[in-house]
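Residue numbers (the working numbering): 4 to 221. Here is the structure we will look at.
If you want it as structure tokens, here you go:
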């Protein structure tokens, strides 16, 4: 799981980060909204954890901008703001859950897991030939056979499925699939070419100069 934390309290941010990294999750932390929007891989996260009261762009403003960008990743507000008006505003802007400080890490983990399960519509139909199982991260053909894919190919499809009908930039794909490895756009094109060669019916579109996407199949 890939988690993004927006929290200006360094101690709390690092405590959350350490807790989930010990459970083998990937965690990125930011201390203000302006810094967050420098992240080229915002569409690749599984969950956002936001404080509300911060300098610069606060949690509400940051969430509003993310939703306007078409990023619908589930978000949990973790805040000391307990007034019901803050809760109402948070949900009106599209948050998924609201936790008041202080909190237990175990409870936060449970809430995250429930959100991930709730938002994963496990079987995603990609075209007439293929379905992707988000939970198992498997590509299944129309005969029910699992297509043999590399780890990077699975990660690439997973990212595009999570952003269905939205173009995912080359930089975002590279950062998500290869993480910290120094690769370039030629490597990505080669990976796409190899993946398409395994498909009887291609479902990955190249949006020239921008990135790749998988359109929603009706």
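Every residue gets a Cβ at the ideal spot worked out from N, C-alpha and C, and that includes glycine.
Restricting attention to 160, 12, 33, the CA atom closest to the CA of residue 216 is found in 160.
Residue 220 and residue 139 do not touch by the CB rule: their CB atoms are close to 19 Å apart, not below 8 Å. For residue 23, the enclosing alpha helix (DSSP H) stretches over residues 13 to 24.
For residue 146, the closest alpha carbon among the candidates 203, 18, 213 is that of 203. Its chain contains 216 as the residues whose beta carbon lies nearer than 6 Å to that of residue 208, once the 5 sequence neighbours on both sides are disregarded; these appear in chain order.
Within a 10 Å sphere around the beta-carbon of residue 114 sit 16 or more other beta-carbons, which makes this residue buried. Less than 8 Å separates the beta-carbon of residue 142 from that of residue 150. The stretch 87 to 140 contains, as complete alpha helix (DSSP H) runs of 4+ residues, the segments 87 to 95, 108 to 122 (chain order). In the DSSP assignment, residue 180 falls within the alpha helix (DSSP H) that extends over 173 to 181. Annotation: the continuous alpha helix (DSSP H) that includes residue 195 extends over 188 to 200.
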